[in-house]
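Asker: Sequential numbering from 79 applies to the sequence shown in this note's numbering.
Even for Gly, the Cβ is constructed at its ideal location relative to N, Cα and C.
Everything numeric in this text was worked out from a predicted model, so none of it was measured.
Handing you a structure now.
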Amino acid sequence: MSHPIAIAPSILSCDFANLAAECADVARGGADLLHVDVMDGRFVPNLTLGAPIVASLSKVATLPLDCHLMVEEPDHLLEDFAKAGARWLSVHLEACRHLHRTVQRIRALGMAPGVAINPHTSFAELEPILPFVDFVLVMSVNPGFGGQQFIAQVLAKVEAIAAWRALHNPALFIQIDGGITPQTIAAARRAGVDWFVAGSAVFGQADRTAAIAGLRRAAQA
Ligand code: DX5
Ligand code: ZN
Numbered sequence: 079m080s081h082p083i084a085i086a087p088s089i090l091s092c093d094f095a096n097l098a099a100e101c102a103d104v105a106r107g108g109a110d111l112l113h114v115d116v117m118d119g120r121f122v123p124n125l126t127l128g129a130p131i132v133a134s135l136s137k138v139a140t141l142p143l144d145c146h147l148m149v150e151e152p153d154h155l156l157e158d159f160a161k162a163g164a165r166w167l168s169v170h171l172e173a174c175r176h177l178h179r180t181v182q183r184i185r186a187l188g189m190a191p192g193v194a195i196n197p198h199t200s201f202a203e204l205e206p207i208l209p210f211v212d213f214v215l216v217m218s219v220n221p222g223f224g225g226q227q228f229i230a231q232v233l234a235k236v237e238a239i240a241a242w243r244a245l246h247n248p249a250l251f252i253q254i255d256g257g258i259t260p261q262t263i264a265a266a267r268r269a270g271v272d273w274f275v276a277g278s279a280v281f282g283q284a285d286r287t288a289a290i291a292g293l294r295r296a297a298q299a
């Protein structure tokens with residue numbers, strides 16, 4: 079059983095000079111979460127933002143902040159993100175040497191832990207950590223940039239996670255990130271996804287309210 083659909087616009091594609099206004103626009107437009115992509119220039123070949131910007135954002139944002147750390151060995155940043163007001167925090171399986179410890183630390187700091195997996199990472203590698211997380215973020219592009227093409231093969235993995243969820247933990251949320259558009263969202267929903275991250279399909283559009291409504295409608299098709 080899936081949870082209700084949630085749309086999480088990724089601020090990676092917004093106008094960073096007008097961050098507060100951009101976030102208010104998607105909140106008014108019906109978004110459920112704000113997805114914040116944190117990149118370190120090492121785990122992924124791009125740099126974005128850190129906890130100081132999240133701290134400023136959480137003072138003005140009305141939506142819960144869902145922070146996606148694309149960072150090698152992120153343990154030294156976890157406390158800063160907790161203090162900055164992150165509600166949901168995902169770390170990459172491929173970037174953490176002691177993943178259980180990292181996930182437990184995220185929970186101990188009062189955030190909801192998630193594990194993110196790259197398109198090439200298998201369900202078998204993910205399974206041992208599933209009992210310890212509140213959500214899984216399945217990357218449907220190689221992380222690092224917005225506006226890339228959806229890799230449909232990851233949906234078999236989503237189905238495997240959804241089957242695990244049905245047996246072991248119905249509360250688990252499944253999130254997908256990368257290349258989500260009105261054309262790709264329905265297949266992801268059918269595979270069992272609950273939360274849809276969308277960068278260019280929301281912030282890349284002039285009318286964000288229409289873009290969010292369009293994604294929601296297409297997901298239910
Ligand atoms: C990519 C990021 C995504 C990105 C998605 O590494 O994790 O959140 O913003 O952008 P779109 O929706 O444009 O593929
Ligand atoms: Zn992301």
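In terms of alpha-carbon separation, which member of HIS178, MET189 and ALA194 lies closest to GLU172?
Answerer: It is ALA194 whose Cα lies nearest to the Cα of GLU172.
Asker: I'd like the ranges of any beta strand (DSSP E) spanning at least 3 consecutive residues and lying wholly in the stretch 167 to 219.
Answerer: If we require 3 residues or more, the beta strand (DSSP E) runs fully inside the stretch 167 to 219 come out as 190 to 195 and 213 to 217.
Asker: Nearest-angstrom Cα distance between TRP273 and ILE239?
Answerer: The straight-line gap from Cα to Cα measures roughly 14 Å.
Asker: Would you mind sorting ALA202 into buried or exposed? The rule is 16 or more other CB atoms within 10 Å of its CB.
Answerer: Answer is exposed; the Cβ neighbour count stays below 16.
Asker: CB-CB under 8 Å to VAL271, same chain, minus the five flanking residues each way: which ones, in chain order?
Answerer: Excluding positions up to five away in sequence, the list reads SER80, VAL216, VAL236, ILE252, GLN253 and ILE254.
Asker: Below 8 Å on the Cβ atoms is my guess for ALA86 versus ALA109; work out the distance and round it to an integer in Å.
Answerer: Right, their Cβ atoms sit about 7 Å apart.
Asker: Considering only heavy atoms of ligand 2, does any lie closer than 7 Å to the CB of VAL275?
Answerer: Yes; taking the cut-off as 7 Å, the Cβ of VAL275 has a heavy atom of ligand 2 nearer than that.
Asker: Tell me the DSSP bridge mates of PHE251?
Answerer: According to DSSP, which records beta bridges pairwise, PHE251 is partnered with PHE213.
Asker: Specify the secondary structure class of SER80 as computed by DSSP and reduced to three states.
Answerer: It is coil, neither helix nor strand.
Asker: Can you name the start and end residues of the beta strand (DSSP E) that ASP103 belongs to?
Answerer: Not the beta strand (DSSP E): ASP103 falls in the alpha helix (DSSP H), residues 97 to 106.
Asker: Let me know the secondary structure DSSP gives ILE239 once reduced to three states.
Answerer: Three-state result, ILE239: helix.
Asker: Once the 5 residues before and after ALA266 are set aside, which same chain residues still bring their CB inside 6 Å of it?
Answerer: So the qualifying residues of the chain are ILE254.
Asker: I want to check one thing, is the minimum distance from the CB of PRO221 to the heavy atoms of ligand 1 below 7 Å?
Answerer: Yes; taking the cut-off as 7 Å, the Cβ of PRO221 has a heavy atom of ligand 1 nearer than that.
Asker: Can you tell me whether THR262 is buried or exposed? The criterion is at least 16 other CB atoms within 10 Å of its CB, across all chains shown.
Answerer: Label assigned to THR262: buried.
Asker: Using three-state DSSP, classify LEU233 as helix, strand or coil.
Answerer: In the structure shown, LEU233 sits in a helix (DSSP, three-state: H, G or I).
Asker: Throw me the rounded Cβ distance for the MET148 and LEU167 pair, which I believe falls under 8 Å.
Answerer: In fact, because the Cβ distance is near 12 Å, the residues do not count as touching under 8 Å.
Asker: Distance, Cα to Cα, GLY256 vs VAL232?
Answerer: Rounded to whole angstroms, GLY256 to VAL232 spans 11 Å at the Cα level.
Asker: So, helix, strand or coil for ALA284, using DSSP?
Answerer: Looking at ALA284 - three-state DSSP - the assignment turns out to be coil, as it is neither helix nor strand.
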